[in-house]
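A short write-up of the structure that comes next.
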Amino acid sequence: MKFSVIKDDLVGPVQMVSGAVEKRQTLPVLANLLLRVNDGQLTITATDLEVEMSVNIPLDGEYLEGDTTVPARKFLDICKSLSGNNKIQIVLDENRLRVSSGRSRFSLSTISAQEFPNIEEAVFNHQLTINSQKLKNLFDKTQFAMAHQDVRYYLNGMLLELNSDTFLSVATDGHRLALSKMQVEESTEELIQAIMPRKGVLEASKVLSSSDEACLLQINTNHIRITLGRFVFTSKLIDGRFPDYDKVLPKNAQRLMVAEKDRLKDAFSRASILCNEKFRGVRLNLEKNRLVIHANNPEQEEAEVELDVDYDDETLEIGFNVGYLMDSLNAIKSSNVRFNLGDSNSSVLIENADNSDSLYVVMPMRL
Numbered sequence: 002m003k004f005s006v007i008k009d010d011l012v013g014p015v016q017m018v019s020g021a022v023e024k025r026q027t028l029p030v031l032a033n034l035l036l037r038v039n040d041g042q043l044t045i046t047a048t049d050l051e052v053e054m055s056v057n058i059p060l061d062g063e064y065l066e067g068d069t070t071v072p073a074r075k076f077l078d079i080c081k082s083l084s085g086n087n088k089i090q091i092v093l094d095e096n097r098l099r100v101s102s103g104r105s106r107f108s109l110s111t112i113s114a115q116e117f118p119n120i121e122e123a124v125f126n127h128q129l130t131i132n133s134q135k136l137k138n139l140f141d142k143t144q145f146a147m148a149h150q151d152v153r154y155y156l157n158g159m160l161l162e163l164n165s166d167t168f169l170s171v172a173t174d175g176h177r178l179a180l181s182k183m184q185v186e187e188s189t190e191e192l193i194q195a196i197m198p199r200k201g202v203l204e205a206s207k208v209l210s211s212s213d214e215a216c217l218l219q220i221n222t223n224h225i226r227i228t229l230g231r232f233v234f235t236s237k238l239i240d241g242r243f244p245d246y247d248k249v250l251p252k253n254a255q256r257l258m259v260a261e262k263d264r265l266k267d268a269f270s271r272a273s274i275l276c277n278e279k280f281r282g283v284r285l286n287l288e289k290n291r292l293v294i295h296a297n298n299p300e301q302e303e304a305e306v307e308l309d310v311d312y313d314d315e316t317l318e319i320g321f322n323v324g325y326l327m328d329s330l331n332a333i334k335s336s337n338v339r340f341n342l343g344d345s346n347s348s349v350l351i352e353n354a355d356n357s358d359s360l361y362v363v364m365p366m367r368l
């Protein structure tokens with residue numbers, strides 16, 4: 002195997018693909034990138050057996066076909082360290098990969114490409130063409146609510162659902178829920194659901210942010226694949242039953258509070274300075290057109306922040322995790338937000354004051 006490529010054409014793609022490499026792998030080859038030269042292009046692939054990412058780079062000039070695997074971290078660091086935007090020459094010499102550019106030369110150990118595991122070739126029976134930035138936006142509005150290493154493994158990911166012409170994402174960790182939806186041009190007659198693992202969601206978001214083009218989203222029983230330009234992202238799906246999110250959405254929220262999002266976020270941020278760092282609870286006292294946020298900690302320190310809001314109902318006192326409230330506000334892009342409240346034991350439904358494309362539910366805390 003032999004080829005040469007301009008540094009800037011190589012570094013970005015290698016950096017992107019390397020995100021799939023598992024830092025604590027059981028198989029040595031999983032720390033490597035698969036390099037394959039075939040039919041005038043270089044294909045670079047990385048996998049951790051759950052997520053696979055690959056990129057195709059067209060080659061100019063002479064090349065020899067072949068394949069090998071090379072340590073991902075070292076290969077990326079070498080390519081980034083080379084000065085200027087010169088051509089990098091790469092040659093496989095027996096079991097060594099020789100990398101040279103200008104007056105720098107490196108020799109890297111390799112593992113045979115035959116040992117590199119590929120996610121099994123899947124047949125995808127559902128597909129959707131969608132703008133990459135709209136899809137990333139859908140991920141961004143909900144991914145913060147995914148659980149992290151929960152024993153309920155199906156919560157450690159994001160539900161993607163395609164129902165007729167509505168495409169939505171849902172994430173929950175059992176204490177809060179985030180839902181975002183959008184309309185798509187290609188409708189489907191059957192309900193399609195897929196639970197994408199946490200790492201898959203995070204790595205897919207990086208791929209989607211690389212371009213503002215249409216991408217191809219494909220789903221089958223066990224895998225999801227996103228093809229965007231030269232990048233192909235594939236992830237296994239979590240095999241489990243996601244909670245019925247519709248049952249979590251509060252139905253008896255008759256009290257409405259509307260506030261300026263940025264002012265409300267600032268008020269929560271100030272109050273949280275003196276929160277109990279372990280529980281992060283704040284108490285909200287609502288009365289006519291006025292919100293008072295209380296926070297305290299085990300050192301008996303207290304914070305009280307007052308804010309003018311649009312509220313015309315009975316007085317209400319209720320506690321929440323301030324971090325969950327701020328995460329929801331950060332995901333909302335409008336200038337005003339609406340809090341739909343029930344009683345002091347009911348969850349709050351937070352949404353954009355102008356539309357209901359994204360919904361956020363936060364359970365109350367006893368303080």
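The numbers in the sequence shown follow the numbering used here, run straight up by one, and end at 368.
Glycine included, every Cβ here is placed at the ideal spot set by N, Cα and C.
Excluding the five sequence neighbours on either side, which residues of its own chain have a C-beta within less than 8 angstroms of the C-beta of R97, listed in chain order?
Here the set comprises S108, L109, S110, T111.
Relative to the C-alpha of S211, which residue among G230, M366, L217 is closest?
Of the candidates G230, M366, L217, the one whose C-alpha sits nearest the C-alpha of S211 is G230.
Please tell me whether L238 has its Cβ less than 8 angstroms away from any Cβ of chain D.
Among the chains in the structure shown there is no chain D, since it carries only a single protein chain.
So, with DSSP's three-state summary, where would you put D94?
Note: D94 maps to strand in three-state DSSP.
Alpha carbon to alpha carbon, how far is E305 from L31? Give it in angstroms, no decimals.
One C-alpha to the other measures close to 52 angstroms.
Could you tell me which uninterrupted alpha helix (DSSP H) segments, each at least 4 residues in length, are contained entirely in the segment 250-279, listed from first to last along the chain?
DSSP runs (the alpha helix (DSSP H)) wholly in the segment 250-279: 262-272.
Just to confirm my understanding: we take N126, look at its own chain, exclude 5 residues before and 5 after, and list those with CB closer than 6 angstroms. What are they?
Same-chain partners within the cutoff: N221.
Using only the alpha-carbon positions, how far apart do K390 and T70 sit?
With the chain covering only 2 through 368, there is no way to say anything about residue 390.
Between the segment 350-362 and the segment 250-267, are three or more C-beta pairs nearer than 8 angstroms?
Result yes; three or more Cβ-Cβ pairs closer than 8 angstroms.
Would DSSP call I112 helix, strand or coil?
In this structure, I112 counts as strand in the three-state DSSP scheme.
Check each candidate in S181, P198, A260 and name the one with the smallest Cα separation from N341.
N341 has its Cα closest to that of A260, out of S181, P198, A260.
Hey, could you find the ends of the beta strand (DSSP E) Q194 is sitting in?
First-last of the beta strand (DSSP E) with Q194: 177-198.
Using the rule of at least 16 other Cβ atoms within 10 Å of the residue's Cβ for burial, across every protein chain shown, is P72 buried or exposed?
It counts as buried.
Can you tell which of A172, E302, R104, D9 has its C-alpha closest to the C-alpha of N157?
Considering only alpha carbons, the answer is A172.
Along the chain, where does the alpha helix (DSSP H) containing P14 start, and where does it finish?
Run containing P14: 8-18, per the alpha helix (DSSP H) assignment.
Can you tell which of D263, G20, H176, A332 has the C-alpha that lies nearest to the C-alpha of Y246?
Comparing Cα-Cα distances from Y246 to each of D263, G20, H176, A332, the minimum goes to H176.
Shortest alpha-carbon distance to L50 belongs to which of I225, V283, S236, E302?
The residue with the shortest Cα to Cα distance from L50 is S236.
Out of E95, G67, V15, which one is the CA nearest neighbour of R74?
Residue V15 is the option with its Cα nearest to R74.
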